[in-house]
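Asks:
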Amino acid sequence: MVCVAPGEPAMTTRRRSMLGAAVVALAAPSIVRAQAAAAHVVVVGGGFGGATAARYLKQLAPTVQVTLVEPAERFYTCPFSNLYLAGLRTWESLAHGFDGLRRAGVNVVHARAEDVDVARRTLVLSSGEQLRWDRLVLAPGIDLRWNALEGYDEAAADRVPHAWKAGAQTRLLRRQMEAMPDGGLFIMTIPDNPFRCPPGPYERAAMVAHYFKQHKPRSKILLLDAKQNFSKKALFLQGWKALYGSMIEWQGLAQDGQVARVDAKALEVETVFGSRHKASVLNVIPPQKAGLIAHRAGVTDATGWVPVKGENFEARQASGIHVVGDASFAGPMPKSGFAANNQGKLVAAWLAAELMGLPSPEASYANTCYSLIGPGYGISVAGVYRAEAGRVVDVPHSVGISPLDADAAFRDAEARYGASWYAAISRDIWDR
Numbered sequence: 002m003v004c005v006a007p008g009e010p011a012m013t014t015r016r017r018s019m020l021g022a023a024v025v026a027l028a029a030p031s032i033v034r035a036q037a038a039a040a041h042v043v044v045v046g047g048g049f050g051g052a053t054a055a056r057y058l059k060q061l062a063p064t065v066q067v068t069l070v071e072p073a074e075r076f077y078t079c080p081f082s083n084l085y086l087a088g089l090r091t092w093e094s095l096a097h098g099f100d101g102l103r104r105a106g107v108n109v110v111h112a113r114a115e116d117v118d119v120a121r122r123t124l125v126l127s128s129g130e131q132l133r134w135d136r137l138v139l140a141p142g143i144d145l146r147w148n149a150l151e152g153y154d155e156a157a158a159d160r161v162p163h164a165w166k167a168g169a170q171t172r173l174l175r176r177q178m179e180a181m182p183d184g185g186l187f188i189m190t191i192p193d194n195p196f197r198c199p200p201g202p203y204e205r206a207a208m209v210a211h212y213f214k215q216h217k218p219r220s221k222i223l224l225l226d227a228k229q230n231f232s233k234k235a236l237f238l239q240g241w242k243a244l245y246g247s248m249i250e251w252q253g254l255a256q257d258g259q260v261a262r263v264d265a266k267a268l269e270v271e272t273v274f275g276s277r278h279k280a281s282v283l284n285v286i287p288p289q290k291a292g293l294i295a296h297r298a299g300v301t302d303a304t305g306w307v308p309v310k311g312e313n314f315e316a317r318q319a320s321g322i323h324v325v326g327d328a329s330f331a332g333p334m335p336k337s338g339f340a341a342n343n344q345g346k347l348v349a350a351w352l353a354a355e356l357m358g359l360p361s362p363e364a365s366y367a368n369t370c371y372s373l374i375g376p377g378y379g380i381s382v383a384g385v386y387r388a389e390a391g392r393v394v395d396v397p398h399s400v401g402i403s404p405l406d407a408d409a410a411f412r413d414a415e416a417r418y419g420a421s422w423y424a425a426i427s428r429d430i431w432d433r
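Quick note: the sequence shown uses my numbering, first residue 2, plus one each step.
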């Protein structure tokens, strides 16, 4: 099966709900429209979740003032950054600006969100400006848990990149791969769940292997994993073997794959049972948590993530604040670009309805994760979700996954679907 199919009914339902809200808004009483015009919604974070929420809210409720706060003038995506490591995409192909959102009527402010005063409903920016908000949408992505692995702090990342936020770290890792001698050992450490993009490390292993196969064919890749199972495991193992032979070795929790300590100077890691491994290039993906502004807003819990209400992604610990994307904890929904875009649209529709005095849309969500194992070799997994008793839950029998042992035409089609998804979602969010 083509795994995007399970998501189509939920996406259609959601679009109908949003379009219905927009149509009814035209007939809303003048007093309601006036209230909506006076409302100010501030969105923090210009990635897949935040930029989507800002664009669609302005589209559905044109009279609402929408401000998007994002420090970067060009946003580089983590999705498809692994293909940059492989040499299959240019760096600038991952970059997206914000002029399209400005044309849509969104006020874009390039500054860093520093603090939130929930009682006064203000947001403090790095410029010193304070923004008053009636509703706040936080989409800050992730921060890294420095020192969760002994020896791995922010300074260590200058020598041992994580590259789990697209930018300078990604380019550093690519330079290290280029400088590595043929026959060297590339080691990647992978955290336990939850973390951004569950299939991401395993796609990265494949993309690094593709680069090595072309340029450093005697090199090896060792994956040290803090868990025993991972997204699309059987598909990845089959694809690695088919395209790269024995180049990639994976060691899970039962094989002493959980790393406890990092020696950034020596490029060494030590596992919980004392095994030591020395790398030519060391890529440490540490445990993660919600972005800093979510913590300062007081909406995170002991896990470091933000628990949200399933029907509208409002933070459970603060009314009037909605959290979308990787920072949120949304039950079975993974932390992916597709999921963040989905969540941003639902929150936009929900806020538009609330501000214009309309019925709330039904909460329905979908996710599809494409992964590239090599040129013309793609795999995917998809799922559909709904709100139930205030939580996000799986829709029964909705999960779809690429079959094992599929033929070359099927794998090539999935690779093309993945590329088309990236082009379509980029246009949907930023590039129009």
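Even glycine gets a Cβ: it sits at the ideal position worked out from N, Cα and C.
Helix, strand or coil for residue 339? Go by DSSP, reduced to three states.
Replies: helix
Asks: Is the beta carbon of residue 219 less than 8 Å from the beta carbon of residue 184?
Replies: One thing to note: residue 219 has its Cβ within 8 Å of the Cβ of residue 184.
Asks: Looking at the secondary structure, which residues open and close the beta strand (DSSP E) in which residue 291 lies?
Replies: 289-291
Asks: Given this structure, state the Cα-to-Cα distance separating residue 265 from residue 155, to the nearest angstrom.
Replies: Taken atom to atom, the span from the alpha-carbon of residue 265 to that of residue 155 is near 11 Å.
Asks: I'd like to know if the segment 167-181 and the segment 254-264 are in contact, where contact means that at least 3 CB-CB pairs between them fall below 8 Å.
Replies: no
Asks: Determine the contact status of residue 290 and residue 305, defining contact as a CB-CB distance below 8 Å.
Replies: yes
Asks: Bridge partners of residue 178, per DSSP?
Replies: Per DSSP, none; premise fails for residue 178.
Asks: Going by other Cβ atoms of all chains shown within 10 Å of its Cβ, with 16 needed for buried, is residue 379 buried or exposed?
Replies: buried
Asks: Could you pull the start and end residues of the alpha helix (DSSP H) that residue 83 belongs to?
Replies: Looking at the DSSP string, the run of the alpha helix (DSSP H) that includes residue 83 is 82-87.
Asks: Taking contact to mean at least 3 C-beta pairs separated by less than 8 Å, is the segment 269-288 in contact with the segment 394-414?
Replies: No contact exists between the segment 269-288 and the segment 394-414.
Asks: Alpha carbon to alpha carbon, what distance is there between residue 157 and residue 384?
Replies: 37 Å
Asks: Where does the unbroken alpha helix (DSSP H) through residue 237 begin, and where does it stop?
Replies: Counting along the chain, the alpha helix (DSSP H) containing residue 237 begins and ends at 234-245.
Asks: Hey, quick one: how far does the beta strand (DSSP E) through residue 118 stretch, first residue to last?
Replies: 114-118
Asks: State the DSSP-derived secondary structure class of residue 416, mapped to helix, strand or coil.
Replies: helix
Asks: Are the segment 135-145 and the segment 308-324 touching by the rule of at least three beta carbon pairs closer than 8 Å?
Replies: yes
Asks: For the 8 Å Cβ check, are there 3 or more pairs between the segment 43-62 and the segment 364-372?
Replies: no
Asks: Can you give the Cα-Cα distance for residue 152 and residue 398, rounded to whole angstroms?
Replies: 44 Å
Asks: Can you give me the Cβ contacts of residue 87 inside the same chain, cut-off strictly under 6 Å, excluding the 5 residues immediately before and after it?
Replies: 208, 211 and 212
Asks: Could you check where the beta strand (DSSP E) with residue 139 kicks off and where it finishes?
Replies: 136-139
Asks: If we count the other Cβ atoms within 10 Å of its Cβ and call it buried at 16 or more, is residue 204 buried or exposed?
Replies: buried
Asks: So does the segment 163-180 actually touch the segment 78-86, counting three or more Cβ pairs closer than 8 Å?
Replies: yes
Asks: Report the rounded CA-to-CA distance for residue 64 versus residue 126, giving the unit in angstroms.
Replies: 24 Å
Asks: Given this structure, state the Cα-to-Cα distance separating residue 124 from residue 257, to the nearest angstrom.
Replies: 45 Å
Asks: What is the rounded straight-line gap between the Cα of residue 329 and the Cα of residue 143?
Replies: 10 Å
Asks: Check whether the segment 188-203 and the segment 225-234 touch, using three or more Cβ-Cβ pairs below 8 Å as the test.
Replies: yes
Asks: Within the continuous beta strand (DSSP E) that includes residue 442, where are the two ends?
Replies: This structure leaves residue 442 out entirely; the chain is present only between 2 and 433.
Asks: Given this structure, state the Cα-to-Cα distance separating residue 32 from residue 341, to the nearest angstrom.
Replies: With a pLDDT of only 44 at residue 32, under the threshold of 50, the placement of this residue in the model should not be trusted; the figure read from the coordinates follows. Cα-Cα distance, rounded: 33 Å.
Asks: What does the alpha-carbon distance come out to for the pair residue 97 and residue 421?
Replies: 16 Å
Asks: Going along the chain, which residues of its own chain have a beta-carbon closer than 8 Å to the beta-carbon of residue 163, five neighbours each way excluded?
Replies: Same-chain partners within the cutoff: 145, 170, 284, 285, 286 and 287.
Asks: Helix, strand or coil for residue 1 per DSSP?
Replies: What the structure shows of the chain is the stretch from 2 to 433, and residue 1 is not part of that stretch, so it cannot be assessed.
Asks: Tell me where the beta strand (DSSP E) around residue 367 begins and ends.
Replies: 365-375
Asks: First and last residue of the beta strand (DSSP E) that includes residue 102?
Replies: According to the DSSP assignment, residue 102 belongs to no beta strand (DSSP E) but to the alpha helix (DSSP H) extending over 100-104.
Asks: What is the DSSP secondary structure of residue 296, reduced to helix, strand or coil?
Replies: helix
Asks: From the DSSP secondary-structure annotation, give me the bridge partner or partners of residue 379.
Replies: 373
Asks: Between 56, 426 and 78, which lies nearest to residue 94 when the distance is taken from Cα to Cα?
Replies: 78
Asks: Could you check if residue 74 is buried or exposed, using at least 16 other CB atoms within 10 Å of its CB as the buried criterion?
Replies: exposed
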